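J.: Got a structure for you, questions after.
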Amino acid sequence: VHRQLANEIELGDGRRGLVISASKEIEPGARAMLVLADGLFRLDVLVRGDSLQTFLRNLTDWPLDIRGDANGVHGPISASGDAPSYSPGRADLEFSLGAGADLVKAKVTIGTLRYAQRGTIRVSAQAIVRQAAGAVAPASAGG
Amino acid sequence: LPGTGRCCKTALAGNRRSVLKRERTGDGRPTTPTSFLKIKSANANFLKIDTANANFLKIDDANTEFLKIGSTAANSSELGGLTPDAFFQGNGHVVTGSVSSLAPGNTPTQLLSLPGGIIVVSVANTIGAELQLTIHNATGVSLPAVQDVGSAAGSATTPITLPAGRDYMLVLSGAAEQVHFQLFPAGAAFPQVVTLIVSLDNGGAPSFVAQAFTGGV
Numbered sequence: 397v398h399r400q401l402a403n404e405i406e407l408g409d410g411r412r413g414l415v416i417s418a419s420k421e422i423e424p425g426a427r428a429m430l431v432l433a434d435g436l437f438r439l440d441v442l443v444r445g446d447s448l449q450t451f452l453r454n455l456t457d458w459p460l461d462i463r464g465d466a467n468g469v470h471g472p473i474s475a476s477g478d479a480p481s482y483s484p485g486r487a488d489l490e491f492s493l494g495a496g497a498d499l500v501k502a503k504v505t506i507g508t509l510r511y512a513q514r515g516t517i518r519v520s521a522q523a524i525v526r527q528a529a530g531a532v533a534p535a536s537a538g539g
Numbered sequence: 296l297p298g299t300g301r302c303c304k305t306a307l308a309g310n311r312r313s314v315l316k317r318e319r320t321g322d323g324r325p326t327t328p329t330s331f332l333k334i335k336s337a338n339a340n341f342l343k344i345d346t347a348n349a350n351f352l353k354i355d356d357a358n359t360e361f362l363k364i365g366s367t368a369a370n371s372s373e374l375g376g377l378t379p380d381a382f383f384q385g386n387g388h389v390v391t392g393s394v395s396s397l398a399p400g401n402t403p404t405q406l407l408s409l410p411g412g413i414i415v416v417s418v419a420n421t422i423g424a425e426l427q428l429t430i431h432n433a434t435g436v437s438l439p440a441v442q443d444v445g446s447a448a449g450s451a452t453t454p455i456t457l458p459a460g461r462d463y464m465l466v467l468s469g470a471a472e473q474v475h476f477q478l479f480p481a482g483a484a485f486p487q488v489v490t491l492i493v494s495l496d497n498g499g500a501p502s503f504v505a506q507a508f509t510g511g512v
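Those protein sequence lines, which keep their order, are chains H and Z. Here my numbering runs 396 ahead of the position in the first sequence, where the first position is 1. Here my numbering runs 295 ahead of the position in the second sequence, where the first position is 1.
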């Protein structure tokens, strides 16, 4: 069962956006849906060894332009307490859908925790989806 | 030299002869010419190099130690020791915290803290009661949020408010496995989104592991 929180947010300039977050504990080699933005995109993940593979499905007729690579660490990560024993990791993915007045941008931050005793990995994500400035509202999205 | 019976090449050299002449006092003792500095006068009037070294900063040391007027400090863009990218703009921040085998006690144990301590999450294994999860909101504004408490039986999503400068406390039943929060923007005082996911292992002594994601909007 896929569970996620998806809520509208107000952006700094008054436009509307969407924040979607979810978390799943998966076994290595298993592919799982992590984030679903209805009518826009679906993000799946697969952990293979020490690598995180992402699958991005474009649910629109608009062109997809991926700008960030989930294999790279793009921002700060910190751990406290016993957290280092979970080998916390981070990956970032940025992409846009559409063009011109129909441009939607998405920034996804993915965090991983390794449960060594169970042999599983918890993969969590926060996706912020926003209209580009001056863009026309896309089809409604939710989860 | 006159009066010594010795010859000196320098003393014989024209106009320097007078320099080497020594005036004599009435009892025949030589006197120091007035053109030379007396050691007592030097001590009284001039600074010794050792004293100067002990009291004054050398320019080379000053250049390496201190900021010049008009210069920019290397850490001038930091706030609370953190660089700007730690404050939610750009790529945001991922913070992970864990507490293993939480012993019974009413004093909360910090699970994680967002940069600057604006949001602090703590847990307690209260004596004779349930587990408690506390979120302290130090932003100065009340934050709209939602919480989702999940267990094997399902989950329940509830809109909540994290009061400004105060604690929000959630009592967790023994069946709870995961608590999921989204904190929403609250104007200029909090222009960001925070996702907090807390996983709970309640077999025996409870253990918590949490990850928080921040992102500017």
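Where is the CB? At the ideal position from N, CA and C, for every residue including glycine. Note that the structure is a prediction, hence the values are computed from the model and not measured.
Check whether the segment 475 to 490 of chain H and the segment 389 to 398 of chain Z touch, using three or more Cβ-Cβ pairs below 8 Å as the test.
T.: Enough Cβ pairs lie closer than 8 Å, so yes.
J.: According to DSSP, is residue 379(Z) part of a helix, a strand, or is it coil?
T.: Residue placement at residue 379(Z) is flagged as unreliable, the pLDDT there being 46, under the threshold of 50; the coordinate-derived value follows with that caveat. Residue state, collapsed to three classes: helix.
J.: Taking contact to mean 3 or more Cβ pairs, one atom from each stretch, closer than 8 Å, check whether the segment 407 to 416 of chain H and the segment 506 to 526 of chain H are in contact.
T.: Yes, they touch.
J.: Specify the secondary structure class of residue 409(H) as computed by DSSP and reduced to three states.
T.: In this structure, residue 409(H) counts as coil in the three-state DSSP scheme.
J.: Just the C-alpha distance for residue 485(Z) and residue 398(H), rounded to the nearest angstrom, thanks.
T.: Going by the C-alpha atoms only, they are around 30 Å apart.
J.: I want to check one thing, is the minimum distance from the CB of residue 445(H) to the heavy atoms of the ligand NAP below 7 Å?
T.: By its list of ligands, the structure shown contains no ligand whatsoever, and the ligand NAP lies outside what it can speak to.
J.: Could you tell me whether any Cβ in chain H is nearer than 8 Å to the Cβ of residue 375(Z)?
T.: Because the pLDDT of residue 375(Z) is 49, which lies under 50, any placement of that residue in the model is unreliable, and the question is left without a value.
J.: In chain order, what residues of the same chain have a beta carbon less than 6 Å from the beta carbon of residue 442(Z), not counting five sequence neighbours either side?
T.: Excluding positions up to five away in sequence, the list reads 453, 455, 476.
J.: For the beta strand (DSSP E) holding residue 472(Z), just list the boundary residues, first then last.
T.: Residues 471 to 478.
J.: Going by the beta-carbon positions, is the gap between residue 440(Z) and residue 409(Z) smaller than 8 Å?
T.: Result no, Cβ atoms of residue 440(Z) and residue 409(Z) do not sit closer than 8 Å.
J.: Would you say residue 504(Z) lies against chain H (beta-carbon separation less than 8 Å)?
T.: For residue 504(Z), the answer is yes, since a Cβ of chain H falls inside 8 Å of its Cβ.
J.: Hey, quick one: how far does the beta strand (DSSP E) through residue 628(H) stretch, first residue to last?
T.: Lying before the first or after the last residue shown, residue 628(H) is absent from chain H, which here runs from 397 to 539.
J.: DSSP three-state call for residue 439(H): helix, strand or coil?
T.: The answer is strand: DSSP assigns residue 439(H) an E or B state.
J.: Mind checking the segment 492 to 503 of chain H against chain Z and listing, in chain order, the residues whose C-beta falls within less than 9 Å of any C-beta there?
T.: Answer set for the segment 492 to 503 of chain H: 503.
J.: Report the residue from 461(Z), 474(Z), 497(Z), 508(Z) whose alpha carbon sits nearest the alpha carbon of residue 398(Z).
T.: Of the candidates 461(Z), 474(Z), 497(Z), 508(Z), the one whose C-alpha sits nearest the C-alpha of residue 398(Z) is 497(Z).
J.: Would you verify that the beta carbon of residue 269(Z) is, or is not, closer than 8 Å to some beta carbon of chain H?
T.: With chain Z represented from 296 up to 512, any question about residue 269(Z) goes unanswered, as that position is not in the structure.
J.: Report the rounded CA-to-CA distance for residue 438(H) versus residue 431(H), giving the unit in angstroms.
T.: Approximately 6 Å, taken between the alpha carbons.
J.: Pull up the CB-CB distance for residue 482(Z) and residue 459(Z), whole angstroms please, since I reckon it's below 8 Å.
T.: Not confirmed; about 12 Å, so no contact.
J.: Where residue 449(Z) and residue 390(Z) are concerned, what is the direct C-alpha to C-alpha distance, given to the nearest angstrom?
T.: Rounded to the nearest angstrom, the two C-alpha atoms are 27 Å apart.
J.: Helix, strand or coil: how does DSSP classify residue 384(Z) here?
T.: With a pLDDT of only 44 at residue 384(Z), under the threshold of 50, the placement of this residue in the model should not be trusted, and no figure is reported.
J.: Distance check for residue 504(H) and residue 509(Z), CA to CA, integer angstroms please.
T.: Looking at the two C-alpha atoms, the distance is approximately 11 Å.
J.: Taking buried to mean at least 16 other C-beta atoms within 10 Å of its own C-beta, is residue 324(Z) buried or exposed?
T.: Exposed: under 16 other Cβ atoms inside 10 Å.
J.: Are the beta-carbon atoms belonging to residue 472(Z) and residue 447(Z) less than 8 Å from one another?
T.: Cβ distance < 8 Å, so residue 472(Z) and residue 447(Z) count as in contact.
J.: Look at the alpha carbon of residue 495(Z) and the alpha carbon of residue 503(Z), and state the distance between them as a whole number of angstroms.
T.: Computed Cα separation, rounded: 5 Å.
J.: Assuming contact is defined by CB atoms lying nearer than 8 Å, are residue 448(H) and residue 462(H) in contact in what I supplied?
T.: Contact flag unset, no.
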